[in-house]
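Visitor: With numbering that gives the first Met the number 0, letter number 54 in the sequence shown gets 53, and the count goes up by one each step, no holes. No residue lacks a Cβ here, since even glycine has one placed at the ideal position from N, Cα and C. Questions regarding the structure given below will be posed in turn.
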Amino acid sequence: MRMTTLVQLICSILALWSTYVVNAEDDYKYYTWTVTYETSSPLGVSQKVILINGQFPGPRLDLVTNNNVILNLINKLDEPFLLTWNGIKQRKNSWQDGVLGTNCPIPPNSNYTYKFQTKDQIGSYTYFPSTGMHKAAGGFGALNVYARSVIPVPYAKPAGDFSLLVGDWYVAGHKALQRTLDSGKSLRSPDGLLINGQAQGTFSGDQGKTYMFRISNMGLSTSINFRIQGHQMKLVEVEGSHVLQAMYDSLDIHVGQSVSILVTLNQPSKDYYIVASTRFTKPVLTVTGVLHYSNSHTPVSGPVPPAPSGQMHWSMQQARTYRWNLTSNAARPNPQGSFHYGKIAVSRTIVLANSAPVISGKQRYAVNRVSYVNDETPLKLADYFNIPGVYDTNVLQSPPSDGPTYLATSVLLSSHHEFLEIIFQNDEKTTQSWHLDGYDFWVVGFGSKKWTPNNRKAYNLVDALTRHTTQVYPNSWTAILVSLDNQGMWNVRSAMWARQYLGQQFYLRVFDPVKHLAIEYDIPTNALLCGKAAGRHP
Numbered sequence: 000m001r002m003t004t005l006v007q008l009i010c011s012i013l014a015l016w017s018t019y020v021v022n023a024e025d026d027y028k029y030y031t032w033t034v035t036y037e038t039s040s041p042l043g044v045s046q047k048v049i050l051i052n053g054q055f056p057g058p059r060l061d062l063v064t065n066n067n068v069i070l071n072l073i074n075k076l077d078e079p080f081l082l083t084w085n086g087i088k089q090r091k092n093s094w095q096d097g098v099l100g101t102n103c104p105i106p107p108n109s110n111y112t113y114k115f116q117t118k119d120q121i122g123s124y125t126y127f128p129s130t131g132m133h134k135a136a137g138g139f140g141a142l143n144v145y146a147r148s149v150i151p152v153p154y155a156k157p158a159g160d161f162s163l164l165v166g167d168w169y170v171a172g173h174k175a176l177q178r179t180l181d182s183g184k185s186l187r188s189p190d191g192l193l194i195n196g197q198a199q200g201t202f203s204g205d206q207g208k209t210y211m212f213r214i215s216n217m218g219l220s221t222s223i224n225f226r227i228q229g230h231q232m233k234l235v236e237v238e239g240s241h242v243l244q245a246m247y248d249s250l251d252i253h254v255g256q257s258v259s260i261l262v263t264l265n266q267p268s269k270d271y272y273i274v275a276s277t278r279f280t281k282p283v284l285t286v287t288g289v290l291h292y293s294n295s296h297t298p299v300s301g302p303v304p305p306a307p308s309g310q311m312h313w314s315m316q317q318a319r320t321y322r323w324n325l326t327s328n329a330a331r332p333n334p335q336g337s338f339h340y341g342k343i344a345v346s347r348t349i350v351l352a353n354s355a356p357v358i359s360g361k362q363r364y365a366v367n368r369v370s371y372v373n374d375e376t377p378l379k380l381a382d383y384f385n386i387p388g389v390y391d392t393n394v395l396q397s398p399p400s401d402g403p404t405y406l407a408t409s410v411l412l413s414s415h416h417e418f419l420e421i422i423f424q425n426d427e428k429t430t431q432s433w434h435l436d437g438y439d440f441w442v443v444g445f446g447s448k449k450w451t452p453n454n455r456k457a458y459n460l461v462d463a464l465t466r467h468t469t470q471v472y473p474n475s476w477t478a479i480l481v482s483l484d485n486q487g488m489w490n491v492r493s494a495m496w497a498r499q500y501l502g503q504q505f506y507l508r509v510f511d512p513v514k515h516l517a518i519e520y521d522i523p524t525n526a527l528l529c530g531k532a533a534g535r536h537p
């Protein structure tokens with residue numbers, strides 16, 4: 000009798016535990032997206048545009064912290080295709096990163112199902128094609144991760160939430176642009192700017208209410224300045240970090256970056272210009288939209304508000320005003336500043352210098368004298384199957400040295416749990432934009448000319464933002480700190496897409512000799528296999 004009672008008790012406990020585990024699992028979100036071409040005229044000239052489920056831009060992906068995403072992507076284009084999830088960390092899961100170093104592209108008339116989690120993340124992000132010059136034709140969209148209901152955010156819930164995808168645009172098709180680059184020529188200046196795939200747009204709200212605007216620079220090459228006529232903008236979040244809230248008349252947003260602002264409709268009832276214009280370019284390109292008060296009967300009027308007169312110095316000073324909100328909760332119920340990054344010993348300093356060499360008569364772009372070339376075998380698959388000769392771990396040297404530039408599939412080796420100081424050194428005359436997949440990093444310093452160890456005295460080691468993309472001004476440097484807590488093969492690239500396409504990128508291999516699912520997930524059962532991995536079994 001006692002044994003029977005004990006067995007019943009154990010069974011009851013196991014049943015309750017099983018129910019708890021099932022109920023405690025984070026939500027799953029299922030999507031099926033079909034990628035197609037359609038003829039459209041975003042700037043008044045007919046061209047092929049890439050649509051997702053018939054939409055340009057693609058569907059807005061609204062998620063909550065820790066959602067599990069199962070997304071079946073069907074490729075109906077005439078060439079291979081991949082999407083990458085810009086800023087989503089892919090914890091322990093570079094298999095789902097959606098770049099050519101980790102994934103085989105999806106062949107025409109085929110599909111691949113992405114499986115990833117928005118683990119411990121909040122904020123404004125994007126997705127876009129990582130193959131060829133597809134990004135120049137569309138296929139991109141907004142990806143917003145909202146905080147769980149039990150996690151407070153440091154502002155009242157806005158009355159509405161708008162995503163604005165702003166960026167430069169070419170009337171030449173993406174295949175023509177790719178042919179130009181393949182021929183060894185650089186791209187000319189873009190033809191215009193778009194907001195959400197249009198040369199104009201209207202965003203409506205009620206007088207007296209506050210709205211969130213999530214602005215992402217989806218362009219190929221050009222920094223923008225964003226402003227709203229007659230309204231100030233309260234900056235509240237930058238790429239997953241809640242910031243110390245401050246009011247701005249305008250904001251510089253560089254290629255690949257995203258910010259979230261709150262705007263209160265506290266002006267007289269009429270319509271107002273929403274403006275984005277290119278920065279540091281001649282000529283300056285401008286696109287305007289409309290902020291429409293719902294009770295307005297007065298159309299937009301007056302001069303378009305000008306961009307700030309200041310240039311590089313103004314922009315750098317603005318960037319230095321961004322500060323992490325250390326008292327705010329983030330995706331988890333702990334203060335964002337509980338990780339005291341400024342007190343961690345740096346294990347290694349890496350200096351990365353971009354350049355624009357001509358190799359064999361063709362324009363290329365490079366990092367530390369190495370211009371990256373994609374191998375037909377994804378580097379991640381080469382690692383998994385122990386396929387030799389796919390990538391080179393000896394070519395990318397830091398600090399950079401003088402000498403000729405050469406082509407290679409370059410990988411920088413690193414160890415799991417290293418804490419790196421990375422210096423992006425830009426000796427060119429144009430603003431650069433750098434992105435690191437799989438990570439956020441602390442942007443601790445900006446400075447002019449050549450970086451030296453003495454510049455560390457001016458680092459922000461208390462409340463620097465974490466973000467995934469940072470600008471580097473002309474003849475200047477930017478310093479970041481990053482904790483390598485996410486094993487995998489991660490793309491470090493220029494966010495300026497022609498430069499990425501022609502070699503300004505490499506991969507960071509974060510490795511731990513201990514193989515365990517707690518460190519990194521195994522190869523997906525549905526993994527596409529190509530190159531030297533074709534025909535093998537996961």
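Counting only the same chain and skipping the five closest in sequence on each side, list residues whose C-beta sits under 7 Å from that of V44.
Guide: Taking the sequence shown and counting its residues from 1, the one referred to as residue 44 is at position 45. Same-chain partners within the cutoff: V170.
Visitor: Where do the ends of the beta strand (DSSP E) carrying K114 lie?
Guide: The sequence position of residue 114 within the sequence shown is 115, counting from 1. That run of the beta strand (DSSP E) goes S109 to Q116.
Visitor: Just tell me which of L501, Y36 and A198 has its CA closest to the CA of V357.
Guide: The sequence position of residue 357 within the sequence shown is 358, counting from 1. Nearest C-alpha to V357: L501.
Visitor: First and last residue of the alpha helix (DSSP H) that includes A532?
Guide: In the sequence shown, the residue the question calls residue 532 occupies position 533. Premise fails: A532 is in no alpha helix (DSSP H) and is neither H nor E.
Visitor: With which residues is L501 paired in a DSSP beta bridge?
Guide: Numbered from its first residue, the sequence shown carries residue 501 at position 502. According to DSSP, which records beta bridges pairwise, L501 is partnered with nothing at all.
Visitor: Quick check for students: name the residue ranges of the beta strand (DSSP E) that lie wholly in the segment 330-381, counting only runs of 3 or more.
Guide: DSSP runs (the beta strand (DSSP E)) wholly in the segment 330-381: 347-354 and 369-371.
Visitor: Using a Cβ-Cβ cutoff of less than 6 Å, which residues in the same chain neighbour K531 once the five nearest sequence positions on both sides are dropped?
Guide: Along the sequence shown, one-based indexing puts residue 531 at 532. If we look at K531 and ignore the five residues flanking it on each side, its Cβ neighbours are T376 and I386.
Visitor: Taking the alpha helix (DSSP H) that T179 belongs to, which residues open and close that run?
Guide: One-based indexing of the sequence shown puts residue 179 at position 180. Element bounds for T179: H173 to D181.
Visitor: Measuring CB to CB, does S413 end up less than 7 Å from L507?
Guide: Locating residue 413 in the sequence shown gives position 414, where the first residue counts as 1. Locating residue 507 in the sequence shown gives position 508, where the first residue counts as 1. The answer is yes: Cβ separation under 7 Å.
Visitor: Can you find the residues in the same chain that come closer than 7 Å, C-beta to C-beta, to P307, ignoring five residues on each side of it along the sequence?
Guide: Locating residue 307 in the sequence shown gives position 308, where the first residue counts as 1. Cβ within range, chain order: N224, S249 and W313.
Visitor: For the beta strand (DSSP E) that H291 lies in, which residues bound it at each end?
Guide: Stepping through the sequence shown from its first residue, residue 291 is reached at position 292. Run containing H291: T285 to Y292, per the beta strand (DSSP E) assignment.
Visitor: Under DSSP, the beta strand (DSSP E) around M488 begins and ends at which residues?
Guide: For the purposes of this step, residue 488 is taken as residue 489 along the sequence shown, with counting starting at 1. G487 to S493 is the extent of the beta strand (DSSP E) around M488.
Visitor: Thinking C-beta only, is V258 closer than 7 Å to V283?
Guide: Counting from 1 along the sequence shown, the entry for residue 283 is found at position 284. Counting from 1 along the sequence shown, the entry for residue 258 is found at position 259. No, they are not a contact pair.
Visitor: Where in the segment 165-247 do unbroken runs of the beta strand (DSSP E), each at least 3 residues long, occur, reported from the N-terminal end onward?
Guide: You should have 191-194, 201-204, 209-216, 223-227, 232-237 and 240-247.
Visitor: Could you have a look at N74 and say whether DSSP puts it in helix, strand or coil?
Guide: Here residue 74 is taken as the residue at index 75 of the sequence shown, counted from 1. Here N74 sits in strand by DSSP.
Visitor: Of the choices G288, T263, M232 and W476, whose alpha-carbon is the least far from that of S271?
Guide: Counting from 1 along the sequence shown, the entry for residue 271 is found at position 272. Sequence check: residue 271 is Tyr here, not Ser. When each option's Cα is compared against that of Y271, the closest is G288.
Visitor: The alpha helix (DSSP H) with S314 in it runs from where to where?
Guide: Here residue 314 refers to the residue found at position 315 of the sequence shown. Its alpha helix (DSSP H) spans residues M311 to R319.
Visitor: Touch check for the segment 109-116 and the segment 158-167: three-plus C-beta pairs under 8 Å?
Guide: Touching, no, given that fewer than three Cβ pairs across the two stretches are closer than 8 Å.
Visitor: Using 10 angstroms around the beta-carbon of P56, count the other beta-carbons present and answer buried if the total reaches 16, otherwise exposed.
Guide: For the purposes of this step, residue 56 is taken as residue 57 along the sequence shown, with counting starting at 1. Buried, because 16 or more other Cβ atoms sit within 10 Å of the Cβ of P56.
Visitor: Can you tell which of Y30, W476 and V389 has the C-alpha that lies nearest to the C-alpha of N425?
Guide: If you number the sequence shown from 1, residue 425 lands on position 426. Of the listed residues, the one whose Cα sits closest to N425 is W476.
Visitor: Just verifying my parser: in three-state terms, what is the DSSP assignment at V20?
Guide: Taking the sequence shown and counting its residues from 1, the one referred to as residue 20 is at position 21. For V20, the pLDDT reaches just 37, beneath the cut-off of 50, and the residue's location in the model is therefore unreliable, leaving the point undetermined.
Visitor: Starting from the C-beta of L326, find all residues in its chain whose C-beta is less than 7 Å away, skip the five residues before and the five after it, and write them out in chain order.
Guide: Along the sequence shown, read from residue 1 onward, the residue named residue 326 stands at position 327. Residue 326 is actually Thr in this sequence, not Leu. P334.
Visitor: Considering only residues of the segment 46-93, which uninterrupted beta strand (DSSP E) runs meet the minimum length of 3 residues and lie entirely inside it, listed in chain order?
Guide: Runs of the beta strand (DSSP E) inside the segment 46-93: 46-51, 60-63, 67-74 and 82-85.
Visitor: Below 8 Å, can you find three or more Cβ-Cβ pairs linking the segment 31-41 to the segment 114-124?
Guide: Because the criterion of three Cβ pairs below 8 Å is not met, the segment 31-41 and the segment 114-124 do not touch.
Visitor: Answer with buried or exposed for K88, where buried requires no fewer than 16 other C-beta atoms within 10 angstroms of its C-beta.
Guide: Here the question's residue 88 lines up with position 89 in the sequence shown. Looking at its Cβ environment, which holds 16 or more other Cβ atoms inside 10 Å, K88 is buried.
Visitor: Taking W323 as part of the beta strand (DSSP E), name the residues at either end of that continuous run.
Guide: Residue numbering aside, residue 323 sits at position 324 when the sequence shown is read from its first letter. Unbroken run through W323: none, as it is neither H nor E.
Visitor: To the nearest angstrom, report how far apart D181 and S220 are at their CA atoms.
Guide: Along the sequence shown, read from residue 1 onward, the residue named residue 181 stands at position 182. Along the sequence shown, read from residue 1 onward, the residue named residue 220 stands at position 221. Cα to Cα, the separation comes out at about 17 Å.
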